[in-house]
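Contents: one structure, followed by commentary.
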Amino acid sequence: MSKRRILYIPTRAHTERVFTKEDFEMFLRLFDVTVNTKDRDLSSSEVAELITGMEGLVTGWGSPGLTGEVFEKADSLKIIVHSAGSVRPILAKSVVEKYVIPRGICVVSCRRAIAYNVAESTVGMMIMTLRRWFDHIQTYREKGVWRSREIPENGQFLMGATVGIVGVGVVGREVIRLLKPFDVKILVYDPYLSEWEAGRLGVRKVGLNELFEKSDVVSIHAPLTSETYHMIGRDQLRRMKDGAVLINTARGGIIDHDALIEECEKGRIRAFLDVTEPEPLPPNSPLRGLKNVYITPHVAGAGYYGYHMIGKTVVKSLEDFFAGRPVEDALDMNLYDITA
111 MSKRRILYIP TRAHTERVFT KEDFEMFLRL FDVTVNTKDR DLSSSEVAEL
161 ITGMEGLVTG WGSPGLTGEV FEKADSLKII VHSAGSVRPI LAKSVVEKYV
211 IPRGICVVSC RRAIAYNVAE STVGMMIMTL RRWFDHIQTY REKGVWRSRE
261 IPENGQFLMG ATVGIVGVGV VGREVIRLLK PFDVKILVYD PYLSEWEAGR
311 LGVRKVGLNE LFEKSDVVSI HAPLTSETYH MIGRDQLRRM KDGAVLINTA
361 RGGIIDHDAL IEECEKGRIR AFLDVTEPEP LPPNSPLRGL KNVYITPHVA
411 GAGYYGYHMI GKTVVKSLED FFAGRPVEDA LDMNLYDITA
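When you line the sequence shown up against our numbering, it's residues 111 to 450, in that order.
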């Protein structure tokens, strides 16, 4: 039986990041793979030139948008596996509606693999920020002060805290799972989560304002859509408890940064931002100088564990699809508007 033809367009650098040597060799053995031989990302037109006759397409970070030109020439395409997170950079809504859904093309995202890394980072951020480790480290390094009286040694840390999760998608669920040993009370806000599912997860579904009022730490995991853009603003931030922590590892645009600056300048809450709007922040952004704001360069999803899971997901998804088995990480493209 002939092997299925797959067009693989990520760069070599991307491949080395998300595949182990053994997994990529297995991928090449299982399928008839045409790889990107250029030392750069391909353009949409270049993908269109290669796509005819291909049954599968693997994309990744840096891959171009899949335009109408690509789909007009994709006469055999049955499955797209995105070896990264959100498929929005490669699939516009118009293309999804005109080509992907009518043709029944299966679209797979490897976001679950990345979610492991993001969730681990998120819980680490909670511990570091609630326990004021950054403040202790900075004070000791810069001032030589041992156990500064300005930094509380005792307080509401992660154990026994009330944690608010905004967005119960793939990452949000993994954070909930990792929080179980910490004896926390978990509140969630997600208009698309049923009460039954909330009960199954062992969390309590509340309104957004109530979540901000009652949580010791709020963690953002919603997708950035027209519905969630600047969803968190002055009305929510002013409701946070004194000493509460806001963590964002989702997308910067979910939070109104003007409102965040205004609240953080009061010094009563702390924020840990792995994502901002824009990225990076301009040099004159007040957020860069506030001691109660900690910023990392969008690296919460990085790490060998989750990245190598991406490569495994690519291979398994293609194997399952062509064997007629359910594809675990396939997306429902009819829900494009609310998909991360």
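Positions of the beta carbon are idealized from the N, C-alpha and C atoms, including for glycine.
As the structure is a computational prediction, the values presented were derived from the model and not from experiment.
query: Ordered along the chain, which non-local residues of its own chain (more than five positions away) have a Cβ less than 7 Å from that of M443?; result: V206, V210, I211, V217
query: Could you pull out every unbroken beta strand (DSSP E) segment of at least 3 residues lying fully inside the segment 284–315, listed in chain order?; result: 295–299
query: Considering just the uninterrupted stretch of the beta strand (DSSP E) at L167, what are its terminal residues?; result: 166–170
query: Taking C-alpha atoms, which residue in E387, G353, E373 lies nearest to I364?; result: E387
query: With a threshold of 7 Å on Cβ separation, who are the neighbours of G377 within its own chain once the five nearest residues in sequence on each side are excluded?; result: N402
query: Looking at the unbroken alpha helix (DSSP H) that takes in N319, where does it start and where does it end?; result: 318–324
query: Tell me, which residues are paired with L356 by DSSP?; result: V328, A381
query: Alpha carbons only, please: which of G178, L347, V128 is nearest the one belonging to A412?; result: V128
query: Using only the alpha-carbon positions, how far apart do G353 and R241 sit?; result: 11 Å
query: Does the separation of the CB atoms of V424 and V168 fall below 7 Å?; result: yes
query: Drop a sphere of 10 angstroms on the beta-carbon of E284, count the other beta-carbons inside from all chains shown, and report buried for 16 or more, exposed for fewer.; result: buried
query: Assign I200 to one of three DSSP states: helix, strand, or coil.; result: coil
query: Go ahead and label S219 buried or exposed: buried means 16 or more other beta carbons lie within 10 angstroms of its beta carbon, across all protein chains shown.; result: buried
query: Secondary structure at V157, three-state DSSP: helix, strand or coil?; result: helix
query: Is there contact here, the segment 430–438 with the segment 293–309, by at least three beta-carbon pairs under 8 Å?; result: no
query: Would you mind reading off the limits of the beta strand (DSSP E) that contains V276?; result: 272–276
query: My output table needs one value for R242: the three-state DSSP class, helix, strand or coil.; result: coil
query: Closer than 6 Å to a non-hydrogen atom of the ligand HEM - does that hold for the CB of D366?; result: What this structure holds is no ligand at all, so the ligand HEM is not there to describe.
query: Over the uninterrupted alpha helix (DSSP H) stretch that includes Y417, give me the two end residues.; result: 414–432
query: May I ask you to report which of helix, strand or coil DSSP gives R150?; result: coil
query: Using only the alpha-carbon positions, how far apart do G277 and E252 sit?; result: 38 Å
query: For a test of the three-state rule: what should DSSP assign to R115, helix, strand or coil?; result: strand
query: Do F322 and M350 count as a contact pair if the criterion is CB distance below 7 Å?; result: yes
query: Less than 7 Å separating the beta-carbons of V280 and V327?; result: no
query: Check whether the Cβ atoms of F141 and R114 lie closer than 7 Å to each other.; result: yes
query: Would you tell me roughly how many angstroms separate the C-alpha atoms of A194 and R259, rounded to the nearest one?; result: 45 Å
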